[in-house]
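In the numbering used here, the protein residues as written are 5 to 178. Structure record follows, encoded as structure tokens.
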Amino acid sequence: MKKIALIYWPKGGNVESVADKIIKCLPGTEIIKVSLDHIDSKSLTESDFWIVGGSTVGAHIWQDADDSNKWMSFFKLLDQFEMSKKTVAFFGLGDQILYPYHFVNGLGILQEEFENRNAKIVGQWPVTGYEFKDSDGMKDGRFYGLALDQDQQEEQTDKRIDGWLEIIKKEIGK
Ligand SMILES: Cc1cc2nc3c(=O)[nH]c(=O)nc-3n(C[C@H](O)[C@H](O)[C@H](O)COP(=O)(O)O)c2cc1C
């Protein structure tokens, strides 16, 4: 069984509560929870499988060249790892009713950053069952990772996590 790192940001909101749910659904797994303000490089080196999750809260959160931007610092840090040896799965939080044309756009940024570094990306998820109009977080009818909407479809979250874990468990070796 592979060691897993669950890397997430921000803390204290929907992303973190979903991160905790995912960890709960993987009992007996060696999994370390890593928030972007406390990156533990040793644990990240030792884990072969990363689950990476965030929310879409405006493009600036992901893309500003500002040094205080946690995601930008994290993406730069990726260059220290041999990413072609890592397997990665994403989850993304969004609100499909308030942001129907930008639903979980952040998944697209994660995809781009990890794809550019040749990581193996798994855990794509079908777009059926959501009501959005457009998203940078999808391609060919599938999101780049698990899309979750705690604002509009919270009741679907547990079922979606279970279904998604079934897909990625094969990769974890469970
Ligand atoms: C200022 C702001 C901007 C947002 N923009 C988007 C967006 O562009 N696309 C989207 O799908 N959700 C958007 N959301 C919804 C959040 O992604 C969603 O509420 C998420 O669950 C927040 O998780 P967090 O509290 O852990 O950050 C936005 C929320 C806020 C507050």
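Note that the Cβ used here is the ideal one computed from N, Cα and C, for glycine as well.
Excluding five sequence neighbours on each side, which residues of the same chain lie with their C-beta closer than 7 Å to the C-beta of Pro130?
By one-based count along the sequence shown, residue 130 stands at place 126. Hits under 7 Å: Gly145, Arg146.
Are Phe2 and Gln100 close, meaning C-beta to C-beta below 8 Å?
No statement about residue 2 is possible, as the shown extent of the chain runs from 5 to 178 and does not include it.
Check each residue's C-beta against every heavy atom of ligand 1 and list, in chain order, those closer than 6 Å.
Pro14, Gly17, Asn18, Val19, Ser59, Thr60, Val61, Gly62, Leu97, Gly98, Asp99, Tyr103, His106, Phe107, Val108, Asn109, Gln154, Asp155
For Thr91, which residues does DSSP report across the bridge?
In the sequence shown, residue 91 corresponds to position 87, counting from 1. BP columns for Thr91 point to Phe53, Lys124.
Cα-Cα separation between Glu135 and Pro104, rounded to whole angstroms
One-based indexing of the sequence shown puts residue 135 at position 131. One-based indexing of the sequence shown puts residue 104 at position 100. Going by the C-alpha atoms only, they are around 8 Å apart.
With distances taken Cα to Cα, identify the nearest neighbour of Lys89 among Ile43, Gly112, Glu119.
The residue you call residue 89 lines up with position 85 of the sequence shown. Looking at the Cα atoms, Glu119 is the closest of the given residues.
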